[in-house]
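In terms of this note's numbering, the sequence shown is numbered consecutively and its last residue is 241.
See structure below.
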Amino acid sequence: MATEQIMQDAPTQAPENANQPAKLPAIPKGATVRRRPIPTRTPSTRASKRIYVTAKTPFRSVTARVRKQLDKNLREASSASAAFTNKLAANNNASLDERVRAIQRHSKNQGKGGGSGSGLGLENAGEVVILGTGRAIQKVLEVALFFQKQNDCIVQMKTGSVGTIDDVVQEEDEEWGGEGEERVRMMSSLEASIRLR
45 MATEQIMQDA
55 PTQAPENANQ
65 PAKLPAIPKG
75 ATVRRRPIPT
85 RTPSTRASKR
95 IYVTAKTPFR
105 SVTARVRKQL
115 DKNLREASSA
125 SAAFTNKLAA
135 NNNASLDERV
145 RAIQRHSKNQ
155 GKGGGSGSGL
165 GLENAGEVVI
175 LGTGRAIQKV
185 LEVALFFQKQ
195 NDCIVQMKTG
205 SVGTIDDVVQ
215 EEDEEWGGEG
225 EERVRMMSSL
235 EASIRLR
């Protein structure tokens with residue numbers, strides 16, 4: 045009896061997972077879940093710098109797309125640097141000292157973006173972002189590891205969560221095409237940004 049009294053007087057402890065969202069309620073009997081596509085997802089195209097990966101996406105095609113996009117970013121950055129060089133060369137009346145100062149000013153302006161400052165003007169060549177959710181996280185990790193082993197690439201990883209919407213539809217509503225209850229389900233996501241050194 046004394047132990048019961050002590051148990052009742054003891055303060056209740058807060059649950060360990062107080063910061064996590066509540067569990068979803070159980071699906072009622074006779075209901076099915078229809079999954080919707082992930083919202084706010086722009087399609088990945090050849091010109092896009094964002095590549096969405098699924099679990100079935102072939103590894104080699106993702107690495108080829110990333111490499112093509114990195115090469116394209118490098119060509120665009122070097123053409124911008126070449127435009128500055130051509131503009132500088134066109135000024136025939138400038139002395140050598142004025143040209144050196146112009147190059148230093150241009151390098152300072154390019155270096156403010158946090159680049160490595162190599163002086164080639166390729167610090168801001170751009171990056172390619174690979175995104176995957178759920179089972180595709182493994183594929184994103186494999187691609188990121190592949191490019192991390194390359195000598196000319198820098199890889200950064202970011203984790204997150206994405207809210208997806210599921211429809212819980214009763215069997216009798218399904219025949220009539222009726223909409224059921226909507227539920228928000230959280231999915232893990234991984235984002236790998238790859239850029240040239």
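Even for Gly, the Cβ is constructed at its ideal location relative to N, Cα and C.
Any C-beta of chain D sitting closer than 8 Å to the C-beta of residue 188? The structure shown contains no chain D; it holds only a single protein chain.
Quick one: grab the DSSP three-state call for residue 178. helix
Of the choices 190, 183, 216, 195, whose alpha-carbon is the least far from that of residue 100? 183
Keeping to the same chain, check which residues put their C-beta closer than 8 Å to that of residue 205; ignore five residues upstream and five downstream. 230, 231, 232, 233
Label residue 63 either buried or exposed according to how many other C-beta atoms from any shown protein chain fall within 10 Å of its C-beta, with 16 as the threshold for buried. exposed
How would you write the range of the beta strand (DSSP E) that residue 236 sits in, first residue to last? 225-240
CA-to-CA distance, residue 70 to residue 192, given in whole angstroms: 42 Å
Residue 189, buried or exposed, once every other Cβ within 10 Å from all chains shown has been counted against 16: exposed
Taking the straight line between their C-alpha atoms, what separation do you get for residue 57 and residue 173? Here the model assigns residue 57 a pLDDT of 47, short of 50, so the residue's position is not dependable, and the following value carries that caveat. Roughly 43 Å between the two C-alpha positions.
In three-state terms, what does DSSP make of residue 184? helix
State the Cα-Cα distance for the pair residue 72 and residue 215, rounded to the nearest angstrom. 11 Å
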